[in-house]
Structures are given as structure tokens and as C-alpha cells.
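Engineer: Numbering (this note's numbering), first residue to last: 315 to 725. All residues carry an ideal CB built from backbone N, CA and C; glycine is no exception. In this text, all values refer to a predicted model and were calculated from it rather than measured experimentally. This is the structure I have questions about; it appears just below.
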Ligand SMILES: Cc1ncc(COP(=O)(O)O)c(C=O)c1O
């Protein structure tokens, strides 16, 4: 019988050693570093800090208000009506048709739902899948920084190398000569993002033409991250790569429903690409996640045909409200965001701290969480800028600026 005395003898040092050996082997095992990014993403870090200090969270890019009731109702209905099993690999046909109709209506471009659209669990996944479909070890991808933080790890996870080109400062325009100079025989792709996170800059038709001229006599593929396509302000408009016939033929265009319907937590998106690219994309997708949340696809398919006020009107009101309030603080805004739901502001009048330390200090001491813009540079370049997300309720924005107003100029 097992008692406390014979337990001792059963679990002799030798036995315990033998039992724990696999564990020690496991912890000392060298696992590959698949990419060069270290630690947790800044978005998780700042949101956790916001929680720790009970700060108002203007850091991570997500709305704090309710989604359209018709959309949540449609999601519930889809589940209640039994749409709970695997959807087709490429996405529900009615959702792909609704996406195609939306591009025809808004941009006048024809997209074939069967051969050019694939529904994905968010845009981040779509970007990774597109990279995986095209990259081989040794390839290079040009990344224009500051950039969304998944791009470089995704490139490296595919054995390729990111070649970074900084945006011009001030103003965040593209340094076309630098892009041209970065191209080598190994350049497989260029990833671009418009409207741009974190700067709020948007590309004009002329920017696409510049890019077309640079890649014209090459096999370079374009990844166009257009997740904020519907968030453009002051009467300006988004130019999608799909409108640029020459570039469209060599592009993956990536989109997120989260940024359009304020439901970032649904993690739903899609990829639009020419048939040959779509086939390559689906070759990866079918073994990566195979198919995407069925009730959410039903709900979105239905909601795409609902009449809704354009999301940019709501977000522009929020941007203007936030900018109006921010004018009473010591933060400086060089240019209102032209797109996205982010506003970059300088704190040079307030502090000399590096931006990461400043953002931590702001969260800890003043209860407002933001993102330091250096987090969008692989070399941590910092210009005393932080990024605010203004996709929040007016009371959230007002409460945060009340706190920011109390911060004086540096002595
Ligand atoms: C530029 C950019 N691309 C992609 C994404 C991710 O979109 P999703 O949540 O659909 O993966 C974000 C989210 O913040 C983003 O800012």
C-alpha cells in the first residue's frame, strides 16, 4: 500500500531525476527564433499597462462603442438558424458576391467573387498568407516605415529579409528614390499601407503611378494593406490598387471588416488578387485555417447590403472633436489625420523623454494610454511622437483630454 514512508522510497532521487529528465530536456531545448521581433507587441503591452493603471486606453486601434445592432442580430440569427458548420474554403459565396458588389459600387471596379476573393480571419492573417504564398528563403521585401508591426516578422517567418525604407519627415511622404535604390535582384515584393497606420497619411493616384513606374520592368509583387480604405476624411478619397490596372495585375489587396464595422474582435477580412495569385493564396490558406467563422460570414453578407451611414462621417466627427479638445493641451499636431483612426501628436513641448518612456509615464502618471511611434520602426527611430486612437466614444475622448490638459510644458 502506498503511504508517506514508501512514497519516499518509491520516489528516490534517482526516480525523480528520471521523471524530470524529459522536462529539463524540454526547457533547455533550443527552439528556432522565427523572427527578429523580441518581446510582446507594444499594443498588448500598452493595453495591459492601461489596465494596470486604470488608464483611458487610446493606444490599441479598436472602437469602444457598440456595433450596429442589425449586425449583432444577424450574427445571433445565423447561429440560431443552424449556420454553424464549415463554410466553403474560399468563403461563403454570398459574402464574396456582396464584397464584389461593394467594390463595383464604391470604386467602379469589377472583381470576380469566385476567382479573386478569399475570405480570411482578419487582415493580419491575409498578409501572412500572401507572404507565405510568394516568398522563398533569401527573398527580400521592401517595407516602408513606420509600419504595422506584423509585416517584418511575417516576412522573416518565411525565411525572407525585410529591407526598410523610411518615410520622409516631416510630412510622411514616400521617398521614391529610396524605394528605387532599395530594389535588388532579390526583391520579391513591396508592402504598402494606405490609409496609413500610424501617420494617417493617404496615397494619391500619383503615388500609385510612381510605384508602377518603379516596378514596371520587374517581377515585383505588391501587397496593398488597405484595411482603413473606408476611413478617409475632408472630402478626400481612397485610391485602391484595384483601380490601377497595371498594378492590380501584380497585387494582393488586403482588407479588414473590423475597421469598417467597428467589430475588430470578430477578426474577419479578405484578400482580393488576380486568379493566379488567388490560387497561390488558397493553396496556403486551405492548410492554415481552411475556412472562416461561418455565422460571422452570414452576418456580414447580410449586413453589406444594409443601408448604413458611411463610417468615415462618424470617424471624421470623432477626429475633429478630438483635435478640437487637443488644441487646449501642450501636444502639437502637425497635420490632422487624413485617413485611418489614428492621430499622431508631438510631445516635444512637454518632455524630453524617449517616446516609449513618455508613453509609459503618461499612462502611469496621467492615466492615458497611447502608442509610441518608435514602435513602428524596426530600428526604434523616435521623433517625440505618440499615436492616439480616436475611434472612441466622445465621453472617452473628452475624459482623456481632461487629463492631458493638466500636463504643463517642460521646465
Ligand atoms: C495597417 C493595419 N493592417 C492590418 C491590421 C489588422 O487587421 P485585422 O484586425 O483584420 O487583422 C491593422 C490593425 O490594426 C492595421 O492597422
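Using only the alpha-carbon positions, how far apart do residue 563 and residue 587 sit?
Structural biologist: In the chain shown, the residue the question calls residue 563 occupies position 249. In the chain shown, the residue the question calls residue 587 occupies position 273. If I take the Cα positions, the gap works out to 8 Å.
Engineer: Taking 8 Å as the threshold (C-beta atoms), are residue 681 and residue 356 in contact?
Structural biologist: Against the chain shown, residue 356 aligns to sequence position 42. Against the chain shown, residue 681 aligns to sequence position 367. The answer is no: Cβ separation not under 8 Å.
Engineer: Indicate whether residue 650 and residue 672 have their beta-carbon atoms separated by less than 8 Å.
Structural biologist: Taking the chain shown and counting its residues from 1, one reaches residue 650 at position 336. Taking the chain shown and counting its residues from 1, one reaches residue 672 at position 358. No, the pair does not count as a contact, with Cβ atoms beyond the cut-off.
Engineer: Quick check on residue 539: does DSSP put it in helix, strand or coil?
Structural biologist: Sequence index remark: in the chain shown, residue 539 carries index 225 (1-based). The answer is strand: DSSP assigns residue 539 an E or B state.
Engineer: Using 8 Å as the threshold, is the region 389-401 in touch with the region 604-622, meaning 3 or more CB pairs across them?
Structural biologist: With the cut-off at 8 Å, the region 389-401 and the region 604-622 touch.
Engineer: Please find out if some non-hydrogen atom of ligand 1 comes closer than 7 Å to the beta-carbon of residue 581.
Structural biologist: Locating residue 581 in the chain shown gives position 267, where the first residue counts as 1. Yes; taking the cut-off as 7 Å, the Cβ of residue 581 has a heavy atom of ligand 1 nearer than that.
Engineer: Less than 7 Å between the CB of residue 485 and some heavy atom of ligand 2, yes or no?
Structural biologist: Ligand 2 is not part of this structure, which contains only ligand 1.
Engineer: Apart from the five residues on each side of it in sequence, which residues of its chain come closer than 8 Å, Cβ to Cβ, to residue 381?
Structural biologist: What you label residue 381 is simply residue 67 of the chain shown in a count that begins at 1. If we look at residue 381 and ignore the five residues flanking it on each side, its Cβ neighbours are 575, 576, 577.
Engineer: Between which two residues does the beta strand (DSSP E) harbouring residue 454 extend?
Structural biologist: Stepping through the chain shown from its first residue, residue 454 is reached at position 140. Residue 454 -> beta strand (DSSP E) spans 454-459.
Engineer: Distance check for residue 579 and residue 572, CA to CA, integer angstroms please.
Structural biologist: Counting from 1 along the chain shown, the entry for residue 572 is found at position 258. Counting from 1 along the chain shown, the entry for residue 579 is found at position 265. One C-alpha to the other measures close to 7 Å.
Engineer: Cβ of residue 467 within 8 Å of Cβ of residue 349?
Structural biologist: Numbered from 1 along the chain shown, position 153 holds the residue referred to as residue 467. Numbered from 1 along the chain shown, position 35 holds the residue referred to as residue 349. Yes. Within cutoff.
Engineer: Looking only at its chain, what residues have a beta carbon closer than 7 Å to the beta carbon of residue 318, apart from the 5 residues adjacent to it on each side?
Structural biologist: Locating residue 318 in the chain shown gives position 4, counting from the first residue. A caution first: residue 318 carries a pLDDT of 42, below 50, which makes its placement in the model too unreliable to give a value.
Engineer: Per the contact definition of three or more C-beta pairs closer than 8 Å, is the region 469-486 in contact with the region 625-643?
Structural biologist: At 8 Å Cβ cutoff, the stretches do not touch.
Engineer: So what's residue 421 in DSSP terms, helix, strand or just coil?
Structural biologist: The count along the chain shown starts at 1 and reaches residue 421 at position 107. Three-state result, residue 421: helix.
Engineer: How many angstroms separate the CA atom of residue 378 from the CA atom of residue 533?
Structural biologist: Along the chain shown, one-based indexing puts residue 378 at 64. Along the chain shown, one-based indexing puts residue 533 at 219. Whole-angstrom Cα-Cα distance: 43 Å.
Engineer: What number of angstroms, rounded off, separates the C-alpha of residue 508 from the C-alpha of residue 724?
Structural biologist: What you label residue 508 is simply residue 194 of the chain shown in a count that begins at 1. What you label residue 724 is simply residue 410 of the chain shown in a count that begins at 1. Cα to Cα, residue 508 sits roughly 35 Å from residue 724.
Engineer: Can you check whether the CB of residue 569 is closer than 8 Å to the CB of residue 541?
Structural biologist: Locating residue 541 in the chain shown gives position 227, counting from the first residue. Locating residue 569 in the chain shown gives position 255, counting from the first residue. Closer than 8 Å, so yes.
Engineer: Closer than 7 Å to a non-hydrogen atom of ligand 1 - does that hold for the CB of residue 450?
Structural biologist: Residue numbering aside, residue 450 sits at position 136 when the chain shown is read from its first letter. Checking every heavy atom of ligand 1 against the Cβ of residue 450, none is found closer than 7 Å.
Engineer: Would you call residue 343 buried or exposed, if buried means 16 or more other Cβ atoms sit within 10 Å of its Cβ?
Structural biologist: Locating residue 343 in the chain shown gives position 29, where the first residue counts as 1. The residue in question, residue 343, is exposed, as its Cβ has fewer than 16 Cβ neighbours within 10 Å.
Engineer: List the endpoints of the continuous beta strand (DSSP E) containing residue 562.
Structural biologist: By one-based count along the chain shown, residue 562 stands at place 248. First-last for residue 562: 559-562, but that is the alpha helix (DSSP H), not the beta strand (DSSP E).
Engineer: In whole angstroms, what separates the C-alpha of residue 722 from that of residue 557?
Structural biologist: Numbered from 1 along the chain shown, position 408 holds the residue referred to as residue 722. Numbered from 1 along the chain shown, position 243 holds the residue referred to as residue 557. In a straight line, the C-alpha of residue 722 is about 47 Å away from that of residue 557.
Engineer: What residue range does the alpha helix (DSSP H) around residue 575 cover?
Structural biologist: Position 261 of the chain shown holds residue 575. Start and end: 572-575.
Engineer: Tell me whether residue 570 counts as near ligand 1, meaning its Cβ is closer than 7 Å to at least one heavy atom of that ligand.
Structural biologist: Position 256 of the chain shown holds residue 570. Correct: residue 570 has its Cβ closer than 7 Å to ligand 1.
Engineer: Ignore the nearest five residues each way along the sequence and tell me which others in residue 715's own chain have a CB closer than 8 Å to its CB.
Structural biologist: On the chain shown, position 401 is the one that residue 715 refers to. Within the same chain, residue 715 has close Cβ partners 636, 639, 640, 642, 643.
Engineer: Residues in its own chain within less than 8 Å of residue 402 by CB, not counting five upstream and five downstream?
Structural biologist: Taking the chain shown and counting its residues from 1, the one referred to as residue 402 is at position 88. If we look at residue 402 and ignore the five residues flanking it on each side, its Cβ neighbours are 605.
Engineer: Quick check: the Cα distance between residue 552 and residue 546, rounded to an integer number of angstroms?
Structural biologist: Indexing the chain shown from 1 puts residue 552 at position 238. Indexing the chain shown from 1 puts residue 546 at position 232. So the alpha carbons of these two residues sit roughly 6 Å apart.
Engineer: Which residues bound the beta strand (DSSP E) around residue 702?
Structural biologist: One-based indexing of the chain shown puts residue 702 at position 388. Per DSSP, residue 702 belongs to the beta strand (DSSP E) from 699-703.
Engineer: Give me, in chain order, the residues of the same chain whose beta-carbon lies closer than 7 Å to that of residue 418; leave out the 5 immediate sequence neighbours on both sides.
Structural biologist: As a working note, residue 418 is residue 104 in the chain shown. The answer, listed in chain order, is 424.
Engineer: Using only the alpha-carbon positions, how far apart do residue 447 and residue 510 sit?
Structural biologist: If you number the chain shown from 1, residue 447 lands on position 133. If you number the chain shown from 1, residue 510 lands on position 196. Cα to Cα, residue 447 sits roughly 24 Å from residue 510.
Engineer: Starting from the C-beta of residue 596, find all residues in its chain whose C-beta is less than 7 Å away, skip the five residues before and the five after it, and write them out in chain order.
Structural biologist: Residue mapping note: residue 596 aligns to position 282 of the chain shown, counting from 1. So the qualifying residues of the chain are 403, 404, 432.
Engineer: Would you check whether ligand 1 has a heavy atom nearer than 7 Å to the C-beta of residue 541?
Structural biologist: Position 227 of the chain shown holds residue 541. Yes, ligand 1 has a heavy atom inside 7 Å of this Cβ.
Engineer: Is there at least one non-hydrogen atom of ligand 1 closer than 7 Å to the beta-carbon of residue 683?
Structural biologist: If you number the chain shown from 1, residue 683 lands on position 369. No, Cβ of residue 683 sits at least 7 Å from all heavy atoms of ligand 1.
Engineer: Buried or exposed: where does residue 727 fall if 16 or more other Cβ atoms within 10 Å of its Cβ makes it buried?
Structural biologist: For residue 727 there is no data in the structure shown, the boundaries of the chain being 315 and 725.
Engineer: Between the alpha carbons of residue 585 and residue 677, how many angstroms are there, rounded?
Structural biologist: Walking along the chain shown from the start, residue 585 turns up at place 271. Walking along the chain shown from the start, residue 677 turns up at place 363. About 36 Å.
Engineer: May I ask you to list the residues that DSSP assigns as paired with residue 590?
Structural biologist: Within the chain shown, the letter at position 276 stands for residue 590. Looking at the DSSP assignment, residue 590 forms no beta bridge with any residue, so it has no partner.
Engineer: Which residues in the same chain have their Cβ closer than 7 Å to the Cβ of residue 462, if we skip the five residues on either side of it in sequence?
Structural biologist: Taking the chain shown and counting its residues from 1, one reaches residue 462 at position 148. Same-chain partners within the cutoff: 507, 511, 539.
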